[in-house]
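Protein chains in written order, with this note's numbering: chain A, 3 to 289; chain B, 5 to 135.
Read the structure below first, then the notes.
Okay, structure coming up:
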């Protein structure tokens, strides 16, 4: 395929910038996918105008067949930033892509008027324009997905950190409420956090509360036992609490043995057991 | 060849491991400690491993062995100050050191030994010498 002269597109973009912008914005506003609640018309107009300017500049200088060249860097940067902000605002992929694809109609109309009756020239121009816009659209989607993935990755990490807090209940008593499924990666973090907590607070008793753990199978029990053993090696005793009736049943049915680890039904039971171990007694004040 | 010093403190022997343990050093310690328990008629042994950062299965087994040996000789032993990383390593090696007593730090280990000694004394019906 010979290189299609693209001068027409950039000429048209320069000549009819105002009209194309008007039509384009109108097109985007009329699209049902536009999220009026998330994006104001003024913002949309500003973004559209900026994109048209950058596109014109890039077309004047660069090769429209190859978006990877340096001339297209400003356009690519702009689209990346746009997709990123749309992704963070919870736009859907098609809502984001509409930004580029709705430019087709206004641009093709102008190309039609500019080429007059020459059908071949019109076809060539439209083909050239449509490949360019498709490429830009795909690029937008790609950056959109990339930003989404980044968000997911970051949230996963945060979740991992957030879900394993070590809290000090009393002088010498730590609690570790576990929420969510325990897998090997999480167990490792839980173990490290707990052991570090024991060192930092010089606690003798640690209560692992598994109320928020949806299921305890042999693997989870093994992970828990490892944590208990490691804590014991450091000189702390571990009590496991928050075992729900169903979990107790499953554990027995599966033949999961917790060895000689002290287990209690609720955190309150575990705490009063811990107080007993530390010889702490409470009395209600009588008036 | 360097040795790990063993200090006598009242009824107890105090061992602080401050260098990387290698196998021969561990064997020497085992020899020295058992002889000292007999010689000093020690009632308890406190092993501080808070500076120990690297363990392997041999060192792990040595800790278990020392505990068993001193118990046979009539002295309780307590391992104190194990680092989190060391504890994780030992667990990952599949060793639980079930018959080794542990404590968080020297203070708590000492308290454990003294409680143990008093308990023994009550059983025997005579007070241990406070010195």
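We treat Cβ as the ideally placed atom computed from N, Cα and C, and that holds for glycine.
Taken in chain order, the members of the segment 175 to 203 of chain A whose beta-carbon sits within less than 9 Å of a beta-carbon on chain B are 190, 193, 194, 196, 197, 198, 200, 201.
Its chain contains no residue whose beta carbon lies nearer than 6 Å to that of residue 124 (chain B) once the 5 sequence neighbours on both sides are disregarded.
In this structure, residue 222 (chain A) sits away from residue 230 (chain A), with a CB-CB distance that is not shorter than 8 Å.
Judged by pairs of C-beta atoms under 8 Å, the segment 171 to 186 of chain A does not touch the segment 135 to 147 of chain A, as fewer than three such pairs exist.
DSSP places residue 185 (chain A) outside both helix and strand once states are collapsed to three, so it counts as coil. For residue 235 (chain A), the nearest beta carbon of chain B is closer than 8 Å to its own beta carbon.
Proximity of residue 74 (chain B) to chain A, defined by a Cβ-Cβ separation below 8 Å, is not satisfied. For residue 287 (chain A), the closest Cβ of chain B is not nearer than 8 Å. Residues of chain B with a Cβ closer than 9 Å to the Cβ of residue 206 (chain A) are, in chain order, 107, 108, 112. Of the candidates A:278, A:284, A:225, A:225 places its Cα closest to the Cα of residue 260 (chain A).
Separation of residue 36 (chain B) and residue 86 (chain B) (C-alpha to C-alpha, rounded to the nearest whole angstrom) is 22 Å. Rounded to whole angstroms, residue 6 (chain B) and residue 30 (chain B) show a C-alpha spacing of 11 Å.
Distance from the Cα of residue 191 (chain A) is smallest, within the candidate group A:205, A:202, A:32, A:165, for A:165. Around the beta carbon of residue 119 (chain B), fewer than 16 other beta carbons lie within 10 angstroms, which makes this residue exposed. Listed along chain A, no residue sits closer than 8 Å to residue 49 (chain B) by beta-carbon distance, the nearest being about 15 Å off.
The alpha-carbon of residue 61 (chain A) is positioned some 27 Å away from that of residue 43 (chain A). In terms of CA proximity to residue 116 (chain B), A:206 leads the group A:206, A:92, A:32, A:20.
For residue 137 (chain A), there are no neighbours in chain B by C-beta distance under 9 Å, as the nearest C-beta there is about 51 Å away. With respect to chain B, the C-beta atom of residue 231 (chain A) has a partner C-beta closer than 8 Å. Check the Cα spacing between residue 47 (chain A) and each of A:262, A:254, A:20: the tightest is with A:20. For residue 237 (chain A), the number of other beta carbons within 10 angstroms of its own is at least 16, and it is reported as buried.
Residues of chain A whose Cβ lies closer than 7 Å to the Cβ of residue 101 (chain B) are, in chain order, 235.
Contact of residue 91 (chain B) with chain A by beta-carbon distance below 7 Å involves 197, 232, 235, 236. In the three-state reduction of the DSSP assignment, residue 13 (chain B) falls in the strand class.
By the Cβ rule, the segment 95 to 103 of chain B counts as touching the segment 52 to 65 of chain B, because three or more pairs are nearer than 8 Å.
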